[in-house]
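Chemist: I'd like to ask some things about the structure below.
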Amino acid sequence: MIYQGAMALTDFSSLSIKDGLQGGVWRAVWQGLTGQAKPVPVDSLLGGARSKTVNYAGPGLLARLFLGGMPDVLVFDMLWTVLSVALQAILGVLAALLLHHPGVRFKRWWRVIFILPWAIHEFVGALFWMRIFEPRFGWLVLARNLPWSAQPPVWIENPNFTLPSLLIAATWYGFPFIMLAATAALKLIPAEVYDAAAIDGASRWAQFRHVTWPLLFPLLLPAIVVRSIFAFNQFYLFYVLQTDFPLLTFATLVYYRFNPTGGYGGGQFAVAAAINLFTVLVLLVWMVSFDRWSKASEGVTYV
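Just so we're aligned, residue 1 is where the sequence shown starts under my numbering, counting upward by one.
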């Protein structure tokens, strides 16, 4: 993190990688902080002028990011995190409640089947969904039996369908983690509280609203926090499906800015480092705010 902070104060790029690896980053930062060099201009997306030596750029790049230099990506990343984690939590809790019902047979087999998406590597799962949504020869196209000359579906190219497609895939391989956490929490709830609620005439919905959910939520919070961090830093799904700017997470944008051979203005190491630092700060603020709202750090206080 310290080295990335130093990189973010320079115009370090793939053209100056030899100088940067030989101490050019620290030299440029020292010259800039001691007033020996004036900062060179650096754009928050395109980087600075390409040079074979690393130059001091100052805190301007970080300042532009913290002052809203990429509002579209930030809004989308936060919206993506909220929607994807919410869908994963809803499906995971529903699956746990269904498997917790005493009338369900073969619970262990169903649980194994539901865990399979989580057991598959995220990149492999993203490839599955790429094959499903591929606009010309994907499984959805083949299932609809469209001729090759027909207009391909637009669920990837059209921005109105990009987010729903991403959410479907993310929910599929994210809900098992929530389901396991909810299953463990449900087993800790004593059956006596349900008997007391039934005696008081509470319906099934009333039991869930006033008994199950209040006891389940504190134990489910750690899983929600973990999934939120993973969702905010989602990479493989966006990379495989090749979504366009600004429908990207910061992790995907960092890869495009860092990778010298990947296009999208790659090879801008300083820009990638600045976005990484900005991402860490956003996550810290997010987690602190969520902790204060949910009181997750207080743990379970009703036992």
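We put the CB at the ideal spot given by N, CA and C, even for glycine.
Output yes if chain E places a C-beta closer than 9 Å to the C-beta of L142; else output no.
Modeler: The displayed structure is made up of one protein chain only, and chain E is not part of it.
Chemist: Please list the terminal residues of the continuous alpha helix (DSSP H) segment that includes N276.
Modeler: F269 to S294
Chemist: Please state the DSSP three-state secondary structure of V303.
Modeler: With a pLDDT of only 42 at V303, under the threshold of 50, the placement of this residue in the model should not be trusted; the figure read from the coordinates follows. In this structure, V303 counts as coil in the three-state DSSP scheme.
Chemist: From what residue to what residue does the alpha helix (DSSP H) around V193 run?
Modeler: Unbroken alpha helix (DSSP H) run through V193: A191 to I199.
Chemist: Report, in whole angstroms, the separation of the C-beta atoms of A274 and L62, which I expect to be a contact under 8 Å.
Modeler: 5 Å
Chemist: Run the CB neighbour count on P176, radius 10 Å, all protein chains shown included, and call it buried at 16 or more, exposed below.
Modeler: buried
Chemist: Cα separation between G103 and V288?
Modeler: 41 Å
Chemist: Along the alpha helix (DSSP H) that carries D72, what are the first and last residues, could you check?
Modeler: P71 to H100
Chemist: In terms of residue numbering, what span does the alpha helix (DSSP H) encompassing P117 cover?
Modeler: Segment K107 to A119, the alpha helix (DSSP H) holding P117.
Chemist: To which residues of the same chain is P260 closer than 7 Å at the C-beta, ignoring the five residues directly before and after it?
Modeler: Within the same chain, Cβ atoms closer than 7 Å to the Cβ of P260 are found at S14, G266 and G267, the five residues on either side in sequence being excluded.
Chemist: Do A126 and L241 have their C-beta atoms within less than 9 Å of each other?
Modeler: yes
Chemist: With distances taken from CA atoms, which of S294, F290 and V282 is nearest F313?
Modeler: A query on residue 313 cannot be resolved here, the shown segment of the chain reaching from 1 to 303 and no further.
Chemist: Taking the alpha-carbon of A96 as reference, which of Y255, F12, Q4 and A181 has the nearest alpha-carbon?
Modeler: A181
Chemist: Is the beta carbon of F232 closer than 9 Å to that of W139?
Modeler: no
Chemist: My output table needs one value for V40: the three-state DSSP class, helix, strand or coil.
Modeler: coil
Chemist: From the DSSP output, in three-state form, read off T162 for me.
Modeler: helix
Chemist: In or out: Y3 buried (at least 16 other Cβ within 10 Å) or exposed?
Modeler: exposed
Chemist: Which whole-angstrom value describes the C-beta separation of G32 and Y56, a residue pair presumed to lie in contact below a C-beta threshold of 8 Å?
Modeler: 3 Å
Chemist: What is the DSSP secondary structure of T10, counted as helix, strand or coil?
Modeler: strand
Chemist: Would a C-beta distance cut-off of 9 Å place I120 and M179 closer than the cut-off?
Modeler: For I120 and M179, no; Cβs fall outside 9 Å.
Chemist: Taking F250 as the reference, which of F133, V226 and T279 has the closest Cα?
Modeler: T279
Chemist: If you count every other CB in all the chains shown that lies within 10 Å of the CB of G35, and 16 or more means buried, which is it?
Modeler: With fewer than 16 other Cβ atoms within 10 Å, it is exposed.
Chemist: Quick check on the burial criterion: 16 or more other C-beta atoms within 10 angstroms. Buried or exposed for G201?
Modeler: exposed
Chemist: Contact check, G5 vs F12 under 8 Å by CB: the rounded distance?
Modeler: Contact flag wrong, Cβ pair sits at about 12 Å.
Chemist: What does the alpha-carbon distance come out to for the pair V42 and F238?
Modeler: In a straight line, the C-alpha of V42 is about 26 Å away from that of F238.
Chemist: The alpha helix (DSSP H) that contains F235, what's its start and end?
Modeler: Counted as a single uninterrupted DSSP element, the stretch harbouring F235 is not any alpha helix (DSSP H), since DSSP gives it neither H nor E.
Chemist: If I follow the unbroken alpha helix (DSSP H) through L125, where does it start and stop?
Modeler: According to the sequence provided, residue 125 is Gly. The question's Leu does not apply to it. Counting along the chain, the alpha helix (DSSP H) containing G125 begins and ends at E122 to F133.
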